[in-house]
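Visitor:
There are 2 protein chains.
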Amino acid sequence: MRVSRLAAVVALGIACQPSTPPSSEVTRPRAQVTTAETFDAKQVPPYTGAHDAAYAFIDANLRAHVENLRRWVRQPSISAQNNGIQRMAELVRDDLIALGFKEAELVPTTGHPGVWGYYDAGAEKTLAVYMMYDVQPVEPTGWSVDAFEGALVDRPLGKVLMARGATNQKAPERAFLNALEAIIRTQGKLPVNLMVVAEGEEELGSPHFNEVIDKYEARLKTASGVFFPFNSQEPDGDVGMFMGVKGILAFEMEARGGPHGGPVKSEIHGSYKVITDSPVLRLTQAIASLTSPDGNTILVPRYYDAIRAPSDEEQQLTNGMLPQWVAQDSASRAGMGIEQWIDSMSARDALIEYLFSTTMNVDGIWSGYSGPGMKTILPHVATAKLDSRLVPDQDPDSALALIRAHLDAKGFTDVTLRKLSGYPPAQSSVSAPLVRAAIGTYHKYGFPPSVAPRLAGSAPYYVFTKRLGLPMVAGGIGHGSGAHGPDEYMVIEPKSGSRVAGLAAIEKFYVDLLYALSAAR
Amino acid sequence: MRVSRLAAVVALGIACQPSTPPSSEVTRPRAQVTTAETFDAKQVPPYTGAHDAAYAFIDANLRAHVENLRRWVRQPSISAQNNGIQRMAELVRDDLIALGFKEAELVPTTGHPGVWGYYDAGAEKTLAVYMMYDVQPVEPTGWSVDAFEGALVDRPLGKVLMARGATNQKAPERAFLNALEAIIRTQGKLPVNLMVVAEGEEELGSPHFNEVIDKYEARLKTASGVFFPFNSQEPDGDVGMFMGVKGILAFEMEARGGPHGGPVKSEIHGSYKVITDSPVLRLTQAIASLTSPDGNTILVPRYYDAIRAPSDEEQQLTNGMLPQWVAQDSASRAGMGIEQWIDSMSARDALIEYLFSTTMNVDGIWSGYSGPGMKTILPHVATAKLDSRLVPDQDPDSALALIRAHLDAKGFTDVTLRKLSGYPPAQSSVSAPLVRAAIGTYHKYGFPPSVAPRLAGSAPYYVFTKRLGLPMVAGGIGHGSGAHGPDEYMVIEPKSGSRVAGLAAIEKFYVDLLYALSAAR
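Residue numbers (my numbering), protein chains in the order written: chain Z, 8 to 528; chain H, 8 to 528.
#1: Measure the alpha-carbon distance for A22 of chain Z versus S436 of chain Z and round it to whole angstroms.
#2: Is the Cβ-Cβ distance between V5 of chain Z and T325 of chain Z less than 7 Å?
#3: I want to know whether the region 203-213 of chain Z touches the region 127-134 of chain Z - three or more CB-CB distances under 8 Å.
#4: In angstroms with no decimal places, state the Cα-to-Cα distance between Y310 of chain Z and P300 of chain H.
#5: Residues in the region 330-353 of chain Z with C-beta within 7 Å of chain H's C-beta atoms, listed in sequence order?
#6: So within the region 252-329 of chain H, which uninterrupted alpha helix (DSSP H) runs reach at least 4 residues, ignoring any that extend past its ends?
#7: Are H486 of chain H and Q143 of chain H touching if we call contact CB-CB under 7 Å?
#8: To the nearest angstrom, report how far apart P478 of chain H and G254 of chain H are at their CA atoms.
#9: Can you pull the DSSP bridge partners for T390 of chain Z?
#10: Pull up the distance between the alpha-carbon of I446 of chain H and that of P440 of chain H, whole angstroms please.
#11: What are the boundary residues of the alpha helix (DSSP H) that includes T193 of chain H?
#12: What did DSSP end up calling M95 of chain Z once you bin it into helix, strand or coil?
#13: If we cut at 7 Å on Cβ distances, does E360 of chain Z have a partner in chain H?
#14: If you follow the beta strand (DSSP E) that T174 of chain H is part of, which residue opens it and which one closes it?
#15: Would you say G268 of chain H reaches chain Z, if we count a Cβ-Cβ gap shorter than 7 Å as a contact?
#16: Which one of H:T148, H:E112, H:H267 has the shortest CA to CA distance from G344 of chain Z?
#17: Checking contacts by CB at 7 Å: is P28 of chain H closer than that to chain Z?
#18: With DSSP as the reference, identify every bridge partner of R443 of chain H, one or two as the case may be.
#19: Tell me which residue opens and which closes the beta strand (DSSP E) that R425 of chain H is part of.
#20: Considering only C-alpha positions, which residue in the set H:A433, H:P317, H:I275, H:I410 is nearest to R37 of chain H?
#21: If L184 of chain Z and L197 of chain Z are in contact, beta carbons under 8 Å, what's the gap, nearest whole angstrom?
#22: Around the Cβ of E74 of chain H, are there at least 16 other Cβ atoms within 10 angstroms (buried) or fewer (exposed)?
#23: Alpha carbon to alpha carbon, how far is S505 of chain H from T117 of chain Z? Give it in angstroms, no decimals.
#24: By Cβ distance, which residues of its chain are closer than 7 Å to G327 of chain Z, with the 5 residues on each side in sequence left out?
#25: Within a Cβ cutoff of 8 Å, which residues of the same chain sit near S374 of chain Z, ignoring the five residues on either side of it in sequence?
#26: Looking at the secondary structure, which residues open and close the alpha helix (DSSP H) in which L159 of chain Z lies?
#27: Can you find the residues in the same chain that come closer than 6 Å, C-beta to C-beta, to A60 of chain H, ignoring five residues on each side of it along the sequence?
#28: If you count every other CB in all the chains shown that lies within 10 Å of the CB of P28 of chain Z, and 16 or more means buried, which is it?
#29: Which residues mark the beginning and the end of the alpha helix (DSSP H) in which E208 of chain Z is found?
#30: Can you name, in chain order, every residue of its own chain whose Cβ lies under 6 Å from the Cβ of L98 of chain Z, other than the five neighbours on each side?
#31: Specify, as a first and last residue, the run of the beta strand (DSSP E) that S457 of chain H falls within.
#32: Could you work out which residues of chain H lie near T283 of chain Z, taking near to mean beta carbons separated by less than 7 Å?
#33: Using a Cβ-Cβ cutoff of less than 8 Å, which residues in the same chain neighbour F237 of chain Z once the five nearest sequence positions on both sides are dropped?
#34: Are the beta-carbon atoms belonging to P493 of chain H and E224 of chain H less than 7 Å from one another?
#35: Between which two residues does the beta strand (DSSP E) harbouring V136 of chain Z extend?
#36: Bridge partners for W150 of chain H per DSSP, in chain order?
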C-alpha cells in the first residue's frame with residue numbers, strides 16, 4: 008500500500024547546499040534528493056469497473072461532443088482584456104443547467120464572476136470540481152489559424168482542435184461535462200454528488216477566487232477532494248500527475264521622473280541625458296539588482312530562506328519521475344527551442360531545480376521608442392512586469408516585502424512596486440483516496456502515471472489545499488500543448504498507433520474516475 | 008577684435024578631476040572651467056546695412072510667406088517611417104527652382120534622397136546652406152492639434168504655427184527661402200552665391216549624408232562657410248548661438264536565446280524560468296553594466312579617455328553664457344518637468360556638464376507582454392535602443408568598440424550590438440568671418456547673442472567642419488520649441504511687447520545676414 012510504503016521510507020537527510028555563488032551577496036540554495044527510494048504508480052491496483060452503457064453513449068455522440076468543445080473555445084474569454092468573460096461564464100452556467108445541476112449560478116465578485124454548480128446525486132460522496140473559464144491573450148503572430156475559430160486541423164499527432172483554450176483549459180473541462188452527460192443519460196444520475204466552482208481570473212493569478220469560495224465554504228469542506236480536468240498525456244502517451252503547484256507573485260516595477268530627478272511629465276530630448284536622470288536606466292538597474300548577472304540567482308536577501316527542503320514523499324516522487332524526465336530531456340528542450348538549461352545543468356539537476364526552486368522572471372518591459380530607426384528621447388517612465396514562482400513555504404506578500412526592502416536598501420526608493428496578484432503554493436499527498444482513485448484509473452487505461460511532487464506552473468489550488476483542507480488532483484488522459492503560446496491545441500482523434508487518447512477515451516476515463524472515487528475508502 | 012581678445016586670454020590651466028566615484032571601476036571626469044575671462048558678443052560691432060526694398064517686400068507678402076511655411080509642415084516627412092520623404096524632397100527642389108536656382112536636383116543615396124541647389128549670383132563669395140527636410144515621428148498622445156495640419160493657434164507667446172517640423176526644422180528653413188525671394192524680387196539677385204545641400208535623414212543620424220556631399224565636395228570647399236536656418240531665440244527674446252554640436256552613436260542592444268541558453272524560437276511559459284535563461288534579464292543586466300546605479304557615470308572602461316579638456320575659447324564662451332543659463336535654470340527645468348539635475352548639481356555645474364560631457368541614454372526598450380493584467384511568459388528576445396552623445400575628441404566607432412569590449416569582458420557575449428548611426432562632434436571658432444557676420448547681425452537687431460561652445464544635441468556638422476573644413480553657423484532670430492515632442496511650434500506673430508521676433512523680422516534678419524557675410528573680410 009502506497010501510504011505504508013511511503014511511511015516506511017528511511018529519511019536519509021535532506022539539506023540545502025549552496026552552489027558556486029555567482030555573487031558574493033546571496034547564493035542559490037540547491038535542493039538535494041538523497042534517498043534512493045522511488046515511488047512507483049504501478050503499485051496502485053488498476054481500477055476494474057466497467058460502464059459499457061456510458062462508453063457506448065460516448066461513442067454514439069462523439070460528433071456532438073466535439074462540437075461542445077468547439078462551442079467553448081469559440082467563445083473568447085480573455086480575462087486580461089475583459090474580452091467575452093461574461094458570456095463565457097453564462098455558457099458554463101447554462102451547460103450545467105442543461106446537464107441537470109440542481110444549482111447553477113454566476114457568482115459576482117469584485118472582478119470577473121465565478122460560476123457555482125451543485126449536482127445532487129443523493130450519493131454518499133461529494134467531489135468538488137474546479138474549472139477556469141478564462142484564457143490567455145492571443146499572440147499577434149505565430150498562429151496558423153484564427154485562435155477563436157475552433158479549427159480542427161490535421162497535425163502529425165492526428166486531428167487536433169487548435170484554438171486558445173484548447174488545452175488550457177476549456178476543452179478538457181467541456182470533455183469532462185460530456186462524460187457527466189454520458190453517465191446521467193445512461194444511468195439516470197452520477198455516482199457522486201458534484202460541486203463545480205469555476206473562476207474567470209485564473210490567468211490573472213486568481214485575485215478574487217476566494218470571493219467565489221466564500222459563499223460555499225462550509226459545503227465545499229464536506230467534499231472528498233477537488234478534481235480539475237486536465238490533459239495529462241505527453242505526445243508519446245505517457246501520463247504525468249502532480250501533487251502540487253507553485254504559488255506566484257506577479258508585480259510591476261516602474262521608474263518615473265520625480266523629486267529625485269528625471270523628467271516628470273513627458274519624454275524630453277535625449278541630449279538632456281547629460282544632466283538628467285533616466286527612469287529607464289533606473290528601472291534596468293533595479294531589475295538587474297534582483298539577480299546575478301546570468302539572471303538565475305536571486306540576490307534579494309533572505310528570498311530563499313522560506314523554502315523548506317523536499318519531504319521524503321517529494322523525494323520519492325522525484326526519483327519516480329526521473330527516468331522519464333531524463334529520457335525526454337532533449338525532446339522537451341527541442342520543443343521549446345532551448346539548447347541548454349541554466350548553468351548547463353544535467354537533466355537530473357534540472358528536474359530538481361524545476362520542482363523545488365523559486366524564480367524571478369521578467370514577463371515584459373517597455374519604455375520609450377520601439378519603432379524603426381531612431382528617436383532620440385529620454386523617456387519619463389519605464390515599466391516592467393515580473394513574476395516569481397513560489398515553492399513551499401514561500402508566501403507572496405513576504406516575498407514582495409523582501410523585494411521592496413532590497414530595493415530600498417540599494418537606494419531604489421524611486422522605483423515603484425505594484426502587486427498584480429499573488430498566492431502561495433499548494434500540496435497534496437499521494438496517499439489521499441482521490442489521488443489513489445486517479446492513479447488506479449490511469450493504470451486501468453495502461454498509463455500508470457509518473458507522479459511529480461509538483462508542477463513548476465502556478466494555480467490557485469491553495470484555496471482548496473490550505474483553505475478547505477482538501478486534496479486536489481488535476482488529471483485525465485489526452486494530450487494538448489501550446490498553453491500561453493501560439494497554436495495551442497488538443498488531440499481529438501489521434502493518428503493510428505498513437506498512445507495518445509482521443510476524445511472518446513478521454514471521456515471514458517472521466518466516467519471511470521467518478522466511479523472509482525465513489526468506491527474509494 | 009574677437010580673435011585678438013580670445014588669443015590674449017591667459018590660460019589658467021584646465022584639468023579633468025574625478026568626482027566622487029559611484030563605482031570603484033570608473034569615475035566620471037568633470038570638465039573644469041578655471042579662467043575668469045569671458046566672451047562678450049557686444050564687442051562685435053552691429054551690422055549697419057539697410058535693405059528697405061527687401062524689408063517692404065516681406066511686409067507686403069507676409070500672408071503668402073506664412074502659407075509657404077504651412078505648405079512645408081503639412082507635407083509629412085518622417086524619415087524613421089519613410090512617410091512622405093520623396094514628396095518632401097521634391098517640394099524642396101521645386102521651391103529652389105521657383106526661386107531661380109540654376110541647379111536644383113534630388114541626389115539619390117542608398118537611403119533617403121538629398122537635395123542639391125546652386126544659385127549663381129556671379130558674386131565673389133559663396134555661402135553653403137545646410138537643410139534637413141525630415142522630421143521626427145509623431146507622439147501618439149500629447150498633441151493639441153493634428154501634427155500635419157499646419158495649424159495657426161493662439162498661445163501665450165502669440166500666434167504660433169503648431170506642427171511637426173514647425174521649429175525642427177522645416178519652417179525656419181522655408182522662412183530663409185522667403186528672405187531669398189525678397190532679395191531676388193527686389194534686387195534682381197542675391198549678394199552671394201548659394202549652395203544648398205539638404206538631407207532627409209537627419210533624425211536618423213544622417214547615415215548617408217556623406218553620399219550627398221560626395222558629388223559636390225570640391226565645389227562646397229570653395230564656400231566661406233555653412234549656414235543653417237534656426238530659431239535661436241528663447242521665449243524671453245534672448246538669442247543663443249553655438250559653435251559646435253555633439254556627435255552621436257546610436258545603436259541597438261539585443262539579447263536572444265541561443266546556444267548559450269534561453270528559448271530560441273518563441274516565448275515560452277514563464278514557469279520554465281526556473282531552469283531557462285532569460286534574454287530580458289540578460290539585456291537588463293547588460294544595460295545596467297554600462298552605468299553606475301544612478302545611470303549617470305559610464306562604467307565602460309576608457310570611455311571618457313578620448314574627451315579633451317575645454318579649450319580657452321570654449322571656457323570663455325562658457326563663462327559668457329553662464330549668467331543667462333543660471334537665471335533661466337529654474338524655468339528651463341520647469342519647461343521640461345525636471346525637478347533637479349543629476350547629482351543635485353548647481354546650475355553652473357550643470358552647464359559645464361551639459362557642454363563638455365558624454366552620455367549613455369536609453370531611448371527605448373521592449374520585450375514580452377506590455378498589455379493589461381499579466382501574461383506569464385519568458386520572452387525569447389529583448390531589445391533596446393541607446394544613444395551616446397559624443398564630445399571632442401570622441402569617435403563613434405571607437406566608442407562602440409569600447410562598449411563591445413566591455414560587454415565581452417563582463418561575459419555578455421550573447422548580447423548583440425547593432426550600430427544604427429554615428430558621427431563625430433563638430434566645432435567652429437567665433438573668429439570665423441561667417442560667425443562674426445552672424446553676431447553683428449544679431450547685434451543690429453538688439454540681440455547680442457549668448458554664444459555656447461556647443462549644443463548638447465547632435466547634428467552631422469562634422470561633414471562641414473571636418474570633411475570640408477568650413478565654419479558652420481546655425482542661426483536666425485525667432486522662437487520655437489517642442490522639437491522631438493508633442494505640440495512643436497514656432498512663433499509667427501508675437502504678442503505685443505514680446506522680444507520674440509515674428510516671421511517678418513526673422514526674414515529681414517536673413518536678408519541682412521547674407522549682405523553682412525558678403526561684406527565680411
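Even glycine gets a Cβ: it sits at the ideal position worked out from N, Cα and C.
Guide: Let me spell this out:
#1: Position 15 of the first sequence, counted from the start, is the residue given in the question as residue 22 of chain Z. Position 429 of the first sequence, counted from the start, is the residue given in the question as residue 436 of chain Z. Residue placement at A22 of chain Z is poorly supported in this model, since its pLDDT is 33, which falls under 50; the coordinates still yield a value, given next. Spanning the two alpha carbons is a distance of roughly 22 Å.
#2: Residue 5 of chain Z is absent from the model: chain Z starts at 8 and stops at 528.
#3: Judged by Cβ distances under 8 Å, the region 203-213 of chain Z makes no contact with the region 127-134 of chain Z, as fewer than three pairs qualify.
#4: Position 303 of the first sequence, counting from 1, holds the residue named residue 310 of chain Z. Position 293 of the second sequence, counting from 1, holds the residue named residue 300 of chain H. If I take the Cα positions, the gap works out to 22 Å.
#5: Hits within the stretch, in order: M343, G344, I345, E346, Q347, W348, I349, M352.
#6: Segments of the alpha helix (DSSP H) lying fully in the region 252-329 of chain H: 286-295.
#7: The sequence position of residue 486 of chain H within the second sequence is 479, counting from 1. The sequence position of residue 143 of chain H within the second sequence is 136, counting from 1. Not closer than 7 Å, so no.
#8: Locating residue 478 of chain H in the second sequence gives position 471, where the first residue counts as 1. Locating residue 254 of chain H in the second sequence gives position 247, where the first residue counts as 1. Rounded to whole angstroms, P478 of chain H to G254 of chain H spans 16 Å at the Cα level.
#9: By one-based count along the first sequence, residue 390 of chain Z stands at place 383. For T390 of chain Z, which the question treats as bridged, DSSP gives the partners Z:E261, Z:W373.
#10: Indexing the second sequence from 1 puts residue 446 of chain H at position 439. Indexing the second sequence from 1 puts residue 440 of chain H at position 433. Their Cα atoms are separated by approximately 10 Å.
#11: Taking the first residue of the second sequence as position 1, residue 193 of chain H is located at position 186. Element bounds for T193 of chain H: 177-194.
#12: Taking the first residue of the first sequence as 1, we reach residue 95 of chain Z at position 88. In this structure, M95 of chain Z counts as helix in the three-state DSSP scheme.
#13: In the first sequence, residue 360 of chain Z corresponds to position 353, counting from 1. At least one chain H Cβ lies under 7 Å of E360 of chain Z.
#14: Along the second sequence, read from residue 1 onward, the residue named residue 174 of chain H stands at position 167. Segment: none, T174 of chain H is in no beta strand (DSSP E) and carries neither H nor E.
#15: Locating residue 268 of chain H in the second sequence gives position 261, counting from the first residue. With 7 Å as the cut-off, G268 of chain H counts as an interface residue toward chain Z.
#16: Numbered from 1 along the first sequence, position 337 holds the residue referred to as residue 344 of chain Z. With distances taken between Cα atoms, G344 of chain Z lies closest to H:H267.
#17: Taking the first residue of the second sequence as position 1, residue 28 of chain H is located at position 21. With a pLDDT of only 37 at P28 of chain H, under the threshold of 50, the placement of this residue in the model should not be trusted; the figure read from the coordinates follows. Answer no: the Cβ-Cβ gap between P28 of chain H and chain Z never drops below 7 Å.
#18: Working through the second sequence from its first residue, we reach residue 443 of chain H at position 436. Paired residue(s): none; R443 of chain H is not in a bridge.
#19: To locate residue 425 of chain H, count along the second sequence from 1; it is residue 418. Note, R425 of chain H: beta strand (DSSP E), 422-430.
#20: Sequence index remark: in the second sequence, residue 37 of chain H carries index 30 (1-based). It is H:P317.
#21: For the purposes of this step, residue 184 of chain Z is taken as the residue at position 177 of the first sequence. For the purposes of this step, residue 197 of chain Z is taken as the residue at position 190 of the first sequence. Contact flag wrong, Cβ pair sits at about 12 Å.
#22: To locate residue 74 of chain H, count along the second sequence from 1; it is residue 67. So E74 of chain H ends up on the exposed side.
#23: Here residue 117 of chain Z is taken as the residue at index 110 of the first sequence, counted from 1. Here residue 505 of chain H is taken as the residue at index 498 of the second sequence, counted from 1. Approximately 57 Å between the Cα atoms of the pair.
#24: Along the first sequence, read from residue 1 onward, the residue named residue 327 of chain Z stands at position 320. Only T45, F46, D47, S457, V458 meet the Cβ criterion.
#25: By 1-based counting over the first sequence, the position of residue 374 of chain Z is 367. Here the set comprises P286, V287, L290, P386, V388, A389, T390.
#26: Position 152 of the first sequence, counted from the first residue, corresponds to residue 159 of chain Z. Segment 158-162 is the beta strand (DSSP E) holding L159 of chain Z; no alpha helix (DSSP H) there.
#27: Sequence index remark: in the second sequence, residue 60 of chain H carries index 53 (1-based). The residues are T193.
#28: Sequence index remark: in the first sequence, residue 28 of chain Z carries index 21 (1-based). Annotation note: pLDDT 37 at P28 of chain Z (below 50); position unreliable, coordinate value reported separately. Classification for P28 of chain Z: exposed.
#29: Taking the first residue of the first sequence as 1, we reach residue 208 of chain Z at position 201. E208 of chain Z -> no alpha helix (DSSP H), and no H or E assigned at all.
#30: On the first sequence, position 91 is the one that residue 98 of chain Z refers to. Answer for L98 of chain Z: Q82, listed in chain order.
#31: Your numbering for residue 457 of chain H matches position 450 in the second sequence. Per DSSP, S457 of chain H belongs to the beta strand (DSSP E) from 457-459.
#32: Stepping through the first sequence from its first residue, residue 283 of chain Z is reached at position 276. Ordered by position in chain H, the residues that pass the 7 Å Cβ test against T283 of chain Z are I345, W348, I349.
#33: Counted from its first residue, the first sequence places residue 237 of chain Z at position 230. Only Q176, P179, A481, G482, G483 meet the Cβ criterion.
#34: One-based indexing of the second sequence puts residue 493 of chain H at position 486. One-based indexing of the second sequence puts residue 224 of chain H at position 217. Not in contact: P493 of chain H and E224 of chain H (Cβ atoms no closer than 7 Å).
#35: Working through the first sequence from its first residue, we reach residue 136 of chain Z at position 129. Its beta strand (DSSP E) spans residues 133-139.
#36: Locating residue 150 of chain H in the second sequence gives position 143, counting from the first residue. DSSP output for W150 of chain H lists no bridge partner at all.
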